[in-house]
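One structure is given here, and the rest of the page talks about it.
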Amino acid sequence: GAVVSQHPSWVICKSGTSVKIECRSLDFQATTMFWYRQFPKQSLMLMATSNEGSKATYEQGVEKDKFLINHASLTLSTLTVTSAHPEDSSFYICSANETPGLAGRETQYFGPGTRLLVL
Amino acid sequence: GQSLEQPSEVTAVEGAIVQINCTYQTSGFYGLSWYQQHDGGAPTFLSYNALDGLEETGRFSSFLSRSDSYGYLLLQELQMKDSASYFCAVREERDDKIIFGKGTRLHILP
Numbered sequence: 001g002a003v004v005s006q007h008p009s010w011v012i013c014k015s016g017t018s019v020k021i022e023c024r025s026l027d028f029q030a031t032t033m034f035w036y037r038q039f040p041k042q043s044l045m046l047m048a049t050s051n052e053g054s055k056a057t058y059e060q061g062v063e064k065d066k067f068l069i070n071h072a073s074l075t076l077s078t079l080t081v082t083s084a085h086p087e088d089s090s091f092y093i094c095s096a097n098e099t100p101g102l103a104g105r106e107t108q109y110f111g112p113g114t115r116l117l118v119l
Numbered sequence: 001g002q003s004l005e006q007p008s009e010v011t012a013v014e015g016a017i018v019q020i021n022c023t024y025q026t027s028g029f030y031g032l033s034w035y036q037q038h039d040g041g042a043p044t045f046l047s048y049n050a051l052d053g054l055e056e057t058g059r060f061s062s063f064l065s066r067s068d069s070y071g072y073l074l075l076q077e078l079q080m081k082d083s084a085s086y087f088c089a090v091r092e093e094r095d096d097k098i099i100f101g102k103g104t105r106l107h108i109l110p
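These protein sequences, in sequence, are chains A and B.
Under the working numbering, think of the first position of the first sequence as 1, with each following residue one higher.
Under the working numbering, think of the first position of the second sequence as 1, with each following residue one higher.
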């Protein structure tokens, strides 16, 4: 089946630093990737939709200057948390939409997640 | 607006059957998915319904009624390893976004 990887799997950083998280589709092309954030014991909240070759679309309440998204190729999207603070500590999960997909079949695949801890 | 409702917690006994319901209200609808997430892990895909009816995959089955904006996940022959959170999620037709419900924590008793 389709595989999505994320790197790093976990990161600890000091407050004020920037952290880059990579999301890769390993065996398929993805014109669209999604970034989610999950706080403990809560659901996955969609942060933004990453479109290859164009600007990302952010959900309401998500600061685009804080969470920079780049989707430069059909297999890679990156999320950069700029000037991270302790409240940004969370589990960040990406998903990639297989292109083209098959009608009637789920074609979105999730990465294993990146756990971020900001001290 | 978008909303998905599912019970916050369900408790069942090992070997039994449990059903987790999900109702949704979204601006567009393409399909209903179910995901399992163990503590500390990422969500893993379980099933997907785009059309009305029942989809069966081993011990797990999922049902959808588009006219009722309702679906459920049925887990049979429960095992202790099935203790996890289960999320229903709606794919919106307009932009392929997947919106997750708040999740149901399934507790399994021996």
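Note that CB positions come from ideal geometry on N, CA and C, so glycine has one too.
{"Check": "Under 7 Å from the C-beta of L79 (chain A): neighbouring residues of chain B", "Outcome": "In chain order: nothing, as chain B lies at least about 15 Å away."}
{"Check": "C-alpha gap between V3 (chain A) and G101 (chain B), whole angstroms", "Outcome": "24 Å"}
{"Check": "Proximity test, Cβ basis, 8 Å: G103 (chain B) and chain A", "Outcome": "yes"}
{"Check": "Sequence ranges, beta strand (DSSP E) only - wholly within the segment 19-95 of chain B, length at least 3", "Outcome": "31-37, 44-49, 53-57, 60-65, 70-75 and 84-91"}
{"Check": "Cβ-Cβ distance between L78 (chain B) and I98 (chain B) below 8 Å", "Outcome": "no"}
{"Check": "Start-to-end residues for the beta strand (DSSP E) that takes in Q6 (chain A)", "Outcome": "V4 to H7"}
{"Check": "Listed by chain order, chain B residues near L26 (chain A) by CB distance under 9 Å", "Outcome": "None at all; the shortest Cβ gap to chain B is about 15 Å."}
{"Check": "Beta-carbon proximity of S54 (chain A) to L119 (chain A), cut-off 8 Å", "Outcome": "no"}
{"Check": "Helix, strand or coil at E52 (chain A) [DSSP, three-state]", "Outcome": "coil"}
{"Check": "8 Å Cβ shell around A42 (chain B) - same chain, five flanking residues per side excluded", "Outcome": "none"}
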